[in-house]
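In the numbering used here, the protein residues as written are 3 to 212.
Each residue gets a CB set at the ideal place from its N, CA and C atoms; glycine is no exception.
Since this is a predicted model, take the numbers as computed values, not measurements.
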């Protein structure tokens, strides 16, 4: 896995080769900006789902939303905000590493890349992956960071307001991942494979089982 500054553009020669090999272009947004715009309604739904999940796991959150203790907000600019920002950055890094962890042989792959594009992180691979594997890679950061981890922390009595915030923020940030899953499930046939060429994704029904 290599570090790069941004996802490379589509290689037209590779597209021609894939077309010759009967690969079909996935109908999807043409850029990250377009994907974020398309996925905004999904982001809202995911944040509401994450908040609902934490509502049942963290009693102080229930009291806050019910208004039993009233509501007040105080913003203090100091060293604490640095820790909060570092926590958000760490959450972003972990989110992308979870994506990478489910890519087969990721550490040995010379076709897998990671990096940061502005405020957003990414993991990008040109490896051929099965439909099932792509769905798993896309959904794991959402399921682990926004649902499994809060459950474990609540059970251990370690869940707090800031971790709830990170959990809900991560859920909202997984909107493009969920959009990708929707596009894959609605277009790629069972047993299909996928491969990326820059921002373009291609699929082919190869009958793969794993």
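May I ask you to report which of helix, strand or coil DSSP gives residue i?
i, result
"residue 26", "strand"
"residue 19", "helix"
"residue 14", "helix"
"residue 193", "coil"
"residue 159", "coil"
"residue 4", "strand"
"residue 130", "coil"
"residue 214", "Summary: the structure shown does not reach residue 214, with the chain confined to residues 3 through 212, and so no result is reported for it."
"residue 176", "coil"
"residue 72", "Any reading at residue 72 is ruled out, since the residue's pLDDT is 48, under 50, leaving its predicted position unreliable."
What does the Cβ neighbour count give for residue i, buried or exposed, with the cut at 16 atoms within 10 Å?
i, result
"residue 169", "buried"
"residue 19", "exposed"
"residue 174", "buried"
"residue 158", "exposed"
"residue 164", "exposed"
"residue 139", "buried"
"residue 131", "buried"
"residue 21", "exposed"
"residue 133", "buried"
"residue 254", "The chain is shown from 3 up to 212; residue 254 falls before or after that span and cannot be answered."
"residue 46", "exposed"
Mind reading off the beta-carbon distance from residue i to residue j? Whole number of angstroms is fine, and I expect it under 8 Å.
i, j, result
"residue 98", "residue 116", "6 Å"
"residue 39", "residue 90", "Rounded, the Cβ-Cβ distance is 22 Å, inconsistent with contact."
"residue 166", "residue 56", "5 Å"
"residue 216", "residue 100", "No answer is possible for residue 216: the residues shown for the chain start at 3 and end at 212."
Starting from residue i and walking both ways along the beta strand (DSSP E), at which residues does that stretch end?
i, result
"residue 204", "202-207"
"residue 115", "114-119"
Hey, does residue i have any beta-carbon neighbour from chain C nearer than 8 Å?
i, result
"residue 23", "Absent from the structure: chain C. Only one protein chain is present."
Suppose the cutoff is 8 Å on Cβ atoms and the five residues either side in sequence are ignored; what does the same chain contact list for residue i look like?
i, result
"residue 150", "none"
"residue 144", "48, 172, 173, 176, 179, 180"
"residue 189", "28, 29, 205"
"residue 93", "147, 168, 171, 172"
In chain order, what residues of the same chain have a beta carbon less than 7 Å from the beta carbon of residue i, not counting five sequence neighbours either side?
i, result
"residue 203", "28, 30, 196"
"residue 59", "152, 153, 156, 161"
"residue 7", "117"
"residue 207", "191, 193, 194"
"residue 183", "137, 140, 141"
"residue 32", "201"
In terms of residue numbering, what span does the alpha helix (DSSP H) encompassing residue i cover?
i, result
"residue 43", "42-59"
"residue 99", "81-103"
Give me, in chain order, the residues of the same chain whose beta-carbon lies closer than 6 Å to that of residue i; leave out the 5 immediate sequence neighbours on both sides.
i, result
"residue 16", "199"
"residue 148", "52, 169, 172, 173"
"residue 83", "none"
"residue 43", "none"
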